[in-house]
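For reference, the structure discussed in these notes is given below.
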Amino acid sequence: MLYQVETAGEDPELALVRYCESFPYQQDILDYTRLLLSGVRQEQAAIDKSIENASEHWKLARTTYVDRSILRLAVFEMLYTPDVPPKVAIDEAIELGKKYGNEESRDFINGILDRILRESYKNSAVSD
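Following this note's numbering, the numbering of the sequence shown begins with 1213 at its first residue and continues without gaps.
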């Protein structure tokens, strides 16, 4: 849905309503999807900065919409949802990259998220 919101410029809540009208869903999944959509939008500047800092000489705007959406989703889960283990968020993002991205997506996504994870561990060790 992040992809749809970005490419079509659609309101996230409207995209969610349209999805619910078209497909069966479970309330807990809908609630979590809403959390992800609103959280990514709310924290997008910080998320994008984390991604760009982890991307060596690569601007976020140069990535595909698919890769960018997957990265934003995974970074939000890694940094803002404590009940999702970061390695799970990374594994899920890699699988999404394999399914929806191009041939380089998997390695690109893995590299960026691994750098962000290492940096977050480093920062938490310094603050402890």
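In this text, a Cβ means the ideal position worked out from N, Cα and C, and glycines have one as well.
Every value quoted in this text rests on a predicted model; they were computed, and no experiment measured them.
Quick one: measure Cβ to Cβ for residue i and residue j, integer angstroms, because I've assumed they're closer than 8 Å.
i     : j     : result
I1263 : G1313 : Actually they do not touch by this definition, with Cβ atoms about 15 Å apart.
L1214 : V1252 : 6 Å
L1228 : L1249 : 6 Å
Which residue from the options puts its Cα closest to that of residue i?
i     : options             : result
Y1244 : A1220, T1276, F1288 : F1288
I1306 : R1284, T1293, P1294 : R1284
I1302 : G1323, K1311, P1294 : G1323
D1326 : K1311, E1268, A1273 : E1268
By the 10 Å Cβ neighbour count, where 16 or more other Cβ atoms means buried, how is residue i classified, buried or exposed?
i     : result
G1309 : buried
A1266 : buried
D1279 : buried
A1286 : buried
S1317 : buried
V1217 : buried
I1342 : Coverage of the chain is limited to positions 1213 through 1340, which leaves residue 1342 absent and any answer about it impossible.
T1275 : buried
F1320 : buried
P1236 : exposed
P1224 : buried
Determine, for residue i, whether the minimum Cβ-Cβ distance to residues of chain D falls below 8 Å.
i     : result
G1323 : This model lacks chain D altogether; it includes just one protein chain.
Tell me, please, whether the region 1281 to 1299 touches the region 1325 to 1333 by the rule of three or more beta-carbon pairs shorter than 8 Å. yes
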